[in-house]
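Visitor: Residue numbers (this note's numbering): -17 to 264.
Every residue, glycine too, gets a C-beta built ideally from N, C-alpha and C.
Note that this is a predicted model, so its numbers are computed, not measured.
Below are the C-alpha cells for one structure; questions will follow.
This is the structure in C-alpha cells:
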C-alpha cells in the first residue's frame, strides 16, 4: 500500500487518520469543582474508561470527531455529591469539547446519640437499609457514609447488643446541607432484655442450618454450621411471644424444632432457652 495514501499524522491533541474515510480523535471534557480534602471522584465515559480525580480542575477523555460521548459519575465521594452538566452529546467537528461541568456540593453527616448500652456492648445501626455503623460506646455517633442533601434518612437497629433491646427515636427525616443538625437528632436507647436461645443436635459439621425467630412479624435469622448452643441476635422485653422455626434445612438432613414457642419473661429467663433442634439424615 502506498504510504502516502494511508498515513497517521499527529495533530494537536488528536490523531488524524487519513485515507479510507479518515477521522480525528479529539477530546471531550470540562472542569470539576467542589471537591474537598480526601475526596475521591471517579468519572466514566461511554466506553467505560475512567478517570479518578481528587482535586478540582480540568479533565478530558478521548473521543472520535464524529462520535457520541456520555460522561457520568461512576463513584461518588463521601463528603460531597457530584452532578454532571452537559455530559452527553455527539461530536460535530474536530474541536475539543470543554464545557462539561461536574459540580460537587457538600453531603451531610447522619447520626445521633446512643445511651444505655452495656460497657462491653456493640450495636450495628442501619441507615435507609443500605449503610451501616458499628457503635461500641455510648454518646454521639455518625454513619461513615454521608447523606445527599434533599434525600430521606431512616435509622434503624440492625443488630442490638447482646442481651439488650434498643429503640430509635427521631431517626427519620430529610438530609439538608443548610441544616446539618436536622440529620443528627436520632436517639438510640438500649435497655436490658432477655435472650432467645436454642440447642442444635446432630447437625453435620460444615453444613449450614438457618434458624429464624419470629416476634411480632419481625424475623431474626441465625445461621449455624455445627452442633451447639446458640443465641439469636435479638433479645426481647418481657411478654413478647417468640416462635422458633427452621428457615433453611442443611444439605442432606432434616431438622425439627421442639419447645420453640413461648413468651419472654425477665423473671424466668429459662422460658426462652429451651428450644431444641434435632437434625437427622434424610
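1. Going residue by residue through the segment 161 to 233, where are the continuous beta strand (DSSP E) segments of at least 3 residues, counting only ones entirely within it?
2. Report all residues from its chain with a CB closer than 8 Å to the CB of residue 139; omit the five preceding and five following residues, and keep chain order.
3. To the nearest angstrom, how far is the alpha carbon of residue 30 from that of residue 15?
4. Measuring CB atoms only, is the segment 153 to 170 touching the segment 215 to 222, in the sense that at least three cross pairs come out at less than 8 Å?
5. Pull up the DSSP beta-bridge partners for residue 45, would you.
6. Buried or exposed: which applies to residue 126, given that a residue is buried once 16 or more other Cβ atoms fall within 10 Å of its Cβ?
7. Considering residue 94, what are the terminal residues of the beta strand (DSSP E) in which it resides?
8. Please classify residue 63: does DSSP put it in a helix, a strand, or coil?
9. Going by the beta-carbon positions, is the gap between residue 17 and residue 91 smaller than 8 Å?
10. If residue 43 sits next to residue 12, beta carbons under 8 Å apart, how far is it from one beta carbon to the other, in whole angstroms?
11. Do you know offhand how far residue 195's Cα is from residue 184's?
12. Could you spell out where the beta strand (DSSP E) holding residue 257 opens and where it closes?
13. Round the Cβ separation of residue 176 and residue 254 to the nearest angstrom and send it over; I've been treating them as touching at under 8 Å.
14. Below 8 Å on the Cβ atoms is my contact criterion, and I expect residue 24 with residue 56 to pass it. Report the Cβ-Cβ distance as a whole number of Å.
15. Is the beta carbon of residue 172 less than 8 Å from the beta carbon of residue 73?
16. Between 231, 22, 146 and 135, which has its C-alpha nearest residue 188's C-alpha?
17. Would residue 237 and residue 259 be called neighbours here (beta carbons separated by less than 8 Å)?
18. Kindly indicate which residue of 114, 32, 64 and 180 has the alpha-carbon position closest to the one of residue 256.
19. Suppose you measure from the CA of residue 122 to the CA of residue 115; what does that come to, to the nearest Å?
20. Buried or exposed: residue 200, going by 16 or more other Cβ atoms within 10 Å of its Cβ?
Guide: If we stick to the structure as given:
1. 168 to 174, 179 to 183, 191 to 197, 200 to 206, 210 to 213 and 223 to 230
2. 105, 106, 107, 108, 148, 149, 150 and 170
3. 22 Å
4. no
5. 8
6. exposed
7. 93 to 97
8. strand
9. no
10. Their Cβ separation, rounded to whole angstroms, is 10 Å, which puts residue 43 and residue 12 out of contact at 8 Å.
11. 20 Å
12. 257 to 263
13. 6 Å
14. 4 Å
15. no
16. 231
17. yes
18. 180
19. 12 Å
20. exposed
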